[in-house]
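Here our numbering is used: the first residue of the sequence shown is 1015, the next is one more, and so on.
Below: one structure, written as structure tokens.
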Amino acid sequence: QDVPIVWAKIITIVRKDDYLPVREEYYDEHNKLMRLINFSNIQEMSGRKIPTVIEVIPQNKPGQKTIIKYKKVLFDIKLDDDIFTLRNLRKGK
């Protein structure tokens, strides 16, 4: 599959008032738009405003897209250090 590993250019469009992302455009080494990501439905979750809907649209696959919808987001939560041991990371805990 011809997918660039490193993007030649990424353009991020943000809102002027709070710098939240609105759209990102990913270009290959030939300056061709390859991926478009739209951010929408800004809501406050855990005291922060975030886009709760992310739509990823590959430009080389017409009619295809991935939509990610956040229902609940927690920030600054305490995580047990054991989660990040090599053993647990390998077994997918």
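Quick reminder that beta carbons are idealized off the backbone N, C-alpha and C, glycines included.
All values reported here derive from a predicted model rather than from experimental measurement.
Residue i: which of the options sits nearest, CA to CA?
i: I1091; options: P1076, R1029, S1060; result: S1060
i: F1089; options: E1043, Y1033, I1025, I1064; result: I1064
i: I1081; options: R1101, V1020, E1069, I1025; result: E1069
i: V1028; options: I1056, D1042, D1096; result: I1056
i: W1021; options: V1036, D1042, G1077, R1037; result: D1042
i: R1062; options: N1074, E1038, Y1033, G1077; result: Y1033
i: V1087; options: R1101, L1093, E1058; result: E1058
Assuming contact is defined by CB atoms lying nearer than 8 Å, are residue i and residue j in contact in what I supplied?
i: N1052; j: K1023; result: no
i: Y1084; j: T1066; result: yes
Residue i by DSSP, collapsed to three states: which one?
i: L1100; result: helix
i: K1105; result: helix
i: I1068; result: strand
Is it buried or exposed, residue i, if we count other Cβ atoms within 10 angstroms and call 16 or more buried?
i: R1049; result: buried
i: Y1040; result: buried
i: L1103; result: exposed
Requested in this report: Please list the segments of the beta strand (DSSP E) lying wholly inside the stretch 1070-1095, counting only runs of 3 or more residues, in order along the chain.
Outcome: 1080-1083
**Report entry** Ordered list of beta strand (DSSP E) runs contained in the stretch 1019-1063, each at least 3 residues
**Finding:** 1023-1028, 1035-1041, 1047-1059
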